[in-house]
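> Protein chains in written order, with our numbering: chain V, 268 to 380; chain B, 461 to 574.
We put the CB at the ideal spot given by N, CA and C, even for glycine.
The structure's right below; bear with me while I get my questions together.
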């Protein structure tokens, strides 16, 4: 029973264009969401987060959008760069689950030259 | 520099042997975590510790053991009881596990059973 789902195993985007990574969740108690980036054989690195009291958070080229009614969040990367090629994980946590991070399966982003 | 260090990066184990993965952090974080990553799957929680001398089982604790004798250290032992130990293991820490904060990860240890 996956509470956090990333339904696209991979995504290919042209360099310079916008990359949109999607994440759906089922637990309405989740109140904090995070995106991580992971290169092969390395640990994930934190990218950006959003609290459920907001619907948008922006940091440079990265913007996360949260649609609570649809239980959906997305990460926008614009413009996409070759170094953005990696696996992206979304994660969520809830106070009533002891703030444990629940992870999606990841989406592999490939930036084409 | 502050961070989390996992060692070794690559580890080979013979079937039937126990092996211990090291995780050290100098971030002064209270909470530490062990995850396992398999191809095509998200991170699955093995064990976590919110404070020294205390730890809790995660979703897939069978065949693993941990200790938390020092705030900086959270070693993971993969025992012979773990039926499918070949995986990528990740250690993480958080400043405060009782609020919404990001986790910081080590570089990972690739364990292969030969």
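1. I need the straight-line Cα distance from residue 490 of chain B to residue 531 of chain B, nearest angstrom please.
2. Identify, in the order they occur along the chain, each residue of the same chain with its Cβ nearer than 6 Å to the Cβ of residue 519 of chain B, setting aside the five sequence neighbours on each side.
3. Is there a Cβ from chain B that is less than 7 Å from the Cβ of residue 301 of chain V?
4. Classify residue 558 of chain B: buried if its beta carbon has 16 or more other beta carbons within 10 angstroms, exposed otherwise.
5. Assign residue 295 of chain V to one of two classes, buried (16 or more other C-beta atoms within 10 Å of its C-beta) or exposed (fewer than that).
6. Can you check which of these residues, B:501, B:464, B:468 and B:523, is closest to residue 358 of chain V by C-alpha distance?
7. Leaving out the 5 sequence neighbours to the left and right, which residues in its chain are closer than 7 Å to residue 351 of chain V when beta-carbon positions are compared?
8. Starting from residue 565 of chain B, find everything on chain V with Cβ-Cβ shorter than 9 Å and list it in chain order.
9. At 3 residues or longer, and completely inside the segment 542 to 571 of chain B: list those beta strand (DSSP E) runs for me, N to C.
10. How about residue 306 of chain V and residue 353 of chain V: do their beta carbons lie closer than 7 Å?
11. Hey, how far is the Cα of residue 547 of chain B from the Cα of residue 525 of chain B?
Looking at the atomic coordinates:
1. 7 Å
2. 504 and 505
3. yes
4. By the neighbour-count rule (16 or more Cβ atoms within 10 Å), residue 558 of chain B is not buried but exposed.
5. exposed
6. B:501
7. 286, 344, 376 and 378
8. Neighbours of residue 565 of chain B on chain V, chain order: 303, 305, 309, 310, 311, 312 and 313.
9. 547 to 554
10. A contact, by the Cβ cut-off of 7 Å.
11. 16 Å
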